[in-house]
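Notes for the one structure printed next.
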Amino acid sequence: MRRIIIAGCVVLLLAACATLQNKNQSRDDTLDGYAAALRWGDFQSAWSYVDPAVRAEHPLTPQQKALYNTVRVAEYDASGPSATGPDTIQQTAQISLIVKTSQRVYNVVDHQTWHWDAKAKHWWLESGLPDISPQE
């Protein structure tokens, strides 16, 4: 009987480890995909990483879309991620942008909050796309 209980505990532990590994791999893949989209200046693809509920509540305005089209991303450098809860992470990205018409370079800091959707088995960006308005 004792062996059956121990075997059952081992199976549960292994299943929990596999689930955690899948969640972490999904996190890494998601953050890498989002970073690649931004590095290429593909804000439309980056938008697909934003939580669908956030997209519905705060759709991109024509002005925001126009602003994203006026810049090129020169650099995207993220630090983190760091866990802030069992299903939430945060990371900060430094983004260097080049204004296409003037070639002026400016930097923005993007504070990102991501959450794990266990039902969809997907990480979603809660904080939305970065505010790339020039800070003067």
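Everything in the sequence shown is counted per this note's numbering, starting at 10 for the first residue and increasing by one.
Don't be surprised by glycine CBs; every beta carbon is placed ideally from N, CA and C.
DSSP state of GLU84, grouped into three classes? The three-state reading of DSSP puts GLU84 in strand, counting E and B together.
Please report the straight-line C-alpha distance between ASP60 and LEU134, rounded to a whole angstrom. So the alpha carbons of these two residues sit roughly 5 Å apart.
Rounded to a whole number of angstroms, what is the C-alpha to C-alpha distance between ALA55 and THR39? Taking the straight line from one Cα to the other gives about 10 Å.
For GLY137, the three-state DSSP class (helix, strand or coil): If DSSP states are grouped into helix, strand and coil, GLY137 belongs with coil.
Compute the beta-carbon to beta-carbon distance between LYS130 and SER35, rounded to the nearest angstrom, for a pair I have assumed lies under 8 Å. Sure, about 7 Å apart at Cβ, within 8 Å.
Straight-line gap, ALA167 to ALA102 (C-alpha atoms, nearest Å): Look at the range of the chain in this structure, 10 to 145, and you will see that residue 167 is not part of it.
Specify, as a first and last residue, the run of the beta strand (DSSP E) that TYR58 falls within. For TYR58, there is no enclosing beta strand (DSSP E), as DSSP gives it neither H nor E.
Cβ shell of LEU106 (< 8 Å), same chain only, five flanking positions each side left out: Around LEU106: VAL80, ARG81, VAL82, ALA83, VAL114, TYR115, ASN116, VAL117, ILE141.
What whole-angstrom Cβ distance do ALA44 and ALA87 have, given they're in contact under 8 Å? Contact between ALA44 and ALA87 holds: their C-beta atoms lie close to 6 Å from each other, under 8 Å.
Is GLY94 buried or exposed, if buried means 16 or more other CB atoms sit within 10 Å of its CB? With fewer than 16 other Cβ atoms within 10 Å, it is exposed.
Just the Cα atoms here: how many angstroms apart are GLN121 and PRO71? Each residue's alpha carbon lies about 23 Å from the other.
Rounding to the nearest angstrom, what Cα-Cα distance links GLN100 and GLY89 in this structure? Approximately 5 Å between the Cα atoms of the pair.
Can you tell me whether PRO139 is buried or exposed, with buried defined as 16 or more other CB within 10 angstroms of its CB? Around the beta carbon of PRO139, 16 or more other beta carbons lie within 10 angstroms, which makes this residue buried.
Under DSSP, the alpha helix (DSSP H) around ALA75 begins and ends at which residues? Counting along the chain, ALA75 sits inside the alpha helix (DSSP H) bounded by residues 71 to 77.
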